[in-house]
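Numbered by full-length UniProt numbering, the letters in the sequence shown go through residues 1 to 467 in order. The beta carbon of each residue, even a glycine, is placed where N, CA and C say it ideally should be. Being a predicted model, the structure only gives us computed values, none of them experimental. In what follows, a single structure is set out as structure tokens and then discussed.
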Amino acid sequence: MPLSSLSNVVLSREVPYSDWSDTLALFTPFSREPWALLLDSSASVHPNSRYDILLRQPLQQLSASVEELRQQGLDPFEKLQQQLSAQADYKGEHDLPFTGGAAGYFAYDLGRLLESIDSPDAGSASSDINLPDIALGFYQHALIIDHQEQRSFVLAPADQLEHYEAFWKPPHALGQFDFSLSSAWQSNMTRPAYLAKIKHIHQHLRAGNCYQINLAQRFSASYQGDEWLAYKALREANRAPFSAFMRLPDGAILSLSPERFLQTDATGAVQTKPIKGTRPRSNDPRTDTLQRQQLAASAKDQAENLMIVDLLRNDLSRTCLPGSVKVPALFAIESFNAVHHLVSTVVGQLATPLQSIELLRAAFPGGSITGAPKISAMRIIDSLEPHRRSVYCGSIGYINKDGSSDTNIAIRTLVAAQGHLHCWAGGGIVMDSVAADEYQETFDKVQRILPVLTSMGQADQVSRGDD
């Protein structure tokens with residue numbers, strides 16, 4: 001078939017792994033380009049680390065705030081479906097994770113379009129980050145690196161496939177940029193305030209308003225320089241399998257997420273892997289093993305995890321075939337660079353893979369970062385947290401035209417906008433939660449994030465807000 005008749009299809013080509021496997025070096029020349037996106041397995045040894053997906057120059061974008069979507073009367077999930085259906089078909093011979101479609105993020109606050117979560121209590125979280133609540137590019141060009149099989153592939157429209165080297169190795173090179181913080185990290189809650197909010201959550205729990213609430217505090221610092229340099233340092237320290245870096249016209253997203261939200265394949269098989277339960281890693285092997293054993297034996301952490309598993313079973317059952325939702329792994333221990341986590345696996349089956357957007361709508365945002373019941377938990381979060389979460393606790397990933405997809409839960413995720421970096425950490429609060437322990441856990445979760453960035457500049461260490 002002549003290339004002219006293939007202009008509306010996407011093809012793939014294998015390229016030498018030896019020349020096309022250095023993810024950071026390959027991404028750096030266009031890392032400051034708006035809509036450049038890296039979905040990054042971070043060279044992790046975790047079983048879910050396999051592919052790095054480099055994307056740039058989308059054909060079009062879907063980008064808007066919740067307020068803009070409301071004013072326009074636009075359903076972003078319907079718009080996503082429409083724009084995906086108009087994309088070119090993949091006709092390549094290789095079995096690739098990304099085959100052309102949408103990639104980017106769905107912010108946590110997009111959930112405000114799906115449910116009424118404005119708090120009935122006095123006050124609600126304020127919005128002070130001027131970035132869109134949905135930011136998706138529609139990409140036909142991709143560089144996909146399979147580190148397990150040590151193979152690399154390029155994806156492109158058929159009439160452009162021959163020019164892949166010029167596209168992925170542009171002749172211009174970026175200069176070197178510095179990165180440094182220009183202020184200390186500051187939490188949006190003092191320690192007494194955080195503990196008081198947990199007391200308030202316990203009142204909700206006793207009243208039967210909810211079973212679990214995820215409460216987060218936000219750390220912020222001003223900075224100068226290139227966010228890509230910050231991401232590279234964080235990647236080295238964390239090695240999380242669902243990491244991502246996304247450049248926006250007015251900011252950047254730096255995600256070091258260990259958690260998968262929703263994965264769907266071309267047959268409609270669904271997997272989600274909720275995390276609930278955390279212990280810090282230790283450089284001492286005996287202490288590290290003890291932490292892992294204590295997490296495995298913790299009845300409290302298992303109870304938290306089980307609540308979220310039940311919530312996700314319900315969310316998946318809204319879209320998946322009756323009887324297909326199962327829990328093949330419950331309370332597994334998975335170890336990451338900074339922490340040990342208690343992770344369960346829930347699976348299901350869609351009638352057709354094209355239901356993946358319907359599934360995303362039904363399950364968004366992920367229950368592991370809200371609490372249960374979800375709507376009640378989100379309302380309480382909105383009344384307790386001073387600021388909206390933005391991309392934190394949303395999802396970053398891709399959805400192909402054929403419906404296959406993979407998204408993370410955007411925890412361990414930083415948002416860079418208007419000269420400030422914002423980083424959140426939280427945890428699930430239940431009746432057995434000890435407030436001081438929960439407060440400390442938020443610092444355990446960022447122990448290889450905030451200090452790493454502090455060390456790149458001259459700012460003081462994080463203020464714990466003990467006053």
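Could you check which residue in the options has the C-alpha nearest to that of residue i?
| i | options | result |
| --- | --- | --- |
| Asp301 | Tyr90, Ala377, Met431 and His147 | Met431 |
| Leu114 | Gln418, Leu131 and Gly73 | Gly73 |
| Ile275 | Gln263, Ser257, Arg281 and Asp265 | Ser257 |
| Val9 | Pro34, Asp95 and Ala158 | Ala158 |
| Leu55 | Val434, Gly101 and His202 | Gly101 |
| Val423 | Ser12, Leu234, Arg50 and Ser18 | Checking the displayed sequence, the identity of residue 423 turns out to be Cys instead of Val. Out of Ser12, Leu234, Arg50 and Ser18, Leu234 has the C-alpha closest to the C-alpha of Cys423. |
| Ile429 | Ala156, Ser183 and His202 | His202 |
| residue 478 | Trp35, Ala299 and Ser183 | Outside the displayed span of the chain (1 to 467) sits residue 478, for which this structure offers no information. |
| Gly111 | Leu453, Arg389 and Ser404 | Arg389 |
| Arg151 | Val309, Asn283 and Asp95 | Asp95 |
| Ser42 | Leu24, Pro58, Glu33 and Leu59 | Leu24 |
| Ile117 | Phe219, Gln160, Ile449 and Asp382 | Asp382 |
| Gln160 | Gln140, Phe179, Ala425 and Ile145 | Gln140 |
| Ala142 | Glu149, Ala135 and Val154 | Val154 |
| Val343 | Gly277, Asn283, Asn337 and Pro76 | Gly277 |
| Thr267 | Asn305, Ser404 and Leu248 | Ser404 |
| Ile144 | Arg206, Ala296, Ser12 and Arg379 | Ser12 |
Is the CB-CB distance between residue i and residue j below 7 Å?
| i | j | result |
| --- | --- | --- |
| Asp128 | His387 | yes |
| Leu384 | Lys197 | yes |
| Arg279 | His200 | no |
| Gln81 | Ile357 | yes |
| Thr370 | Ala377 | yes |
| Ala244 | Ser255 | yes |
| Asp19 | Ser65 | no |
| Leu38 | Phe27 | yes |
| Leu312 | Gln349 | no |
| Arg239 | Ser44 | yes |
| Ala107 | Leu421 | no |
| Gly137 | Gln61 | yes |
| Arg260 | Lys273 | yes |
| Pro34 | Pro249 | yes |
| Phe179 | Leu131 | no |
Which stretch, first to last residue, makes up the beta strand (DSSP E) that contains residue i?
| i | result |
| --- | --- |
| Leu62 | Gln60 to Ala64 |
| Leu181 | Phe179 to Leu181 |
| Phe364 | Looking at the DSSP string, Phe364 is not in any beta strand (DSSP E), and its letter there is neither H nor E. |
| Thr319 | No beta strand (DSSP E) contains Thr319, which DSSP labels as neither H nor E. |
| Leu342 | Val339 to Gln349 |
| Ala332 | Lys326 to Ser335 |
| Ile396 | Ser395 to Asn400 |
| Val446 | From DSSP, Val446 is part of no beta strand (DSSP E); its letter is neither H nor E. |
| Val415 | Thr413 to Ala417 |
Along the alpha helix (DSSP H) that carries residue i, what are the first and last residues, could you check?
| i | result |
| --- | --- |
| Thr407 | Premise fails: Thr407 lies in the beta strand (DSSP E), Ser405 to Asn408, not in any alpha helix (DSSP H). |
| His422 | That residue, His422, is in no alpha helix (DSSP H); its beta strand (DSSP E) goes His420 to Ile429. |
| Gln83 | Pro76 to Ser85 |
| Val434 | Unbroken run through Val434: none, as it is neither H nor E. |
| Ser383 | Lys374 to Leu384 |
| Ala43 | Run containing Ala43: none; DSSP gives neither H nor E here. |
| Val9 | It is not in any alpha helix (DSSP H) - Val9 instead sits in the beta strand (DSSP E) that spans Val9 to Val15. |
| Leu55 | Segment Tyr51 to Leu55 is the beta strand (DSSP E) holding Leu55; no alpha helix (DSSP H) there. |
| Leu24 | Thr23 to Phe27 |
| Leu96 | No alpha helix (DSSP H) holds Leu96; DSSP gives it neither H nor E. |
Item checked: At least 3 beta-carbon pairs within less than 8 Å: the region 409-417 vs the region 434-443 -> Cβ pair count under 8 Å is below three, so no.
Margin query: Quick check on the DSSP output: what are the complete beta strand (DSSP E) runs of length 3 or more inside the region 239-294, in order along the chain?
Written below: Contiguous beta strand (DSSP E) elements confined to the region 239-294 occur at 242-248, 251-257, 260-264, 269-272 and 275-280, taking only those with 3 or more residues.
Next item on the list: Count the C-beta pairs between the region 396-407 and the region 353-363 that are closer than 8 Å, then say yes if the count reaches three, no if not.
Entry: Yes, they touch.
Notebook entry, point to check: Taking three-plus beta-carbon pairs below 8 Å as touching, is the region 203-220 in contact with the region 158-174?
Noted result: Contact between the region 203-220 and the region 158-174 is absent, because fewer than three Cβ pairs lie under 8 Å.
Check: For the region 404-412 against the region 362-373, are there 3 or more C-beta pairs whose distance is under 8 Å?
Finding: Per the Cβ contact rule, the region 404-412 is in contact with the region 362-373 (3 or more Cβ pairs under 8 Å).
Item checked: Contact the region 319-331 vs the region 40-53: 3+ CB pairs below 8 Å -> Not touching, per the Cβ criterion.
Next item on the list: Run through the region 101-172 for me and flag every whole alpha helix (DSSP H) of 4 or more residues, listed as ranges in chain order.
Entry: Runs of the alpha helix (DSSP H) inside the region 101-172: 111-114 and 164-168.
Notebook entry, point to check: Which runs of the beta strand (DSSP E) fall wholly inside the region 202-226 and span at least 3 residues, in chain order?
Noted result: Counting only runs of 3 or more, we get 212-225.
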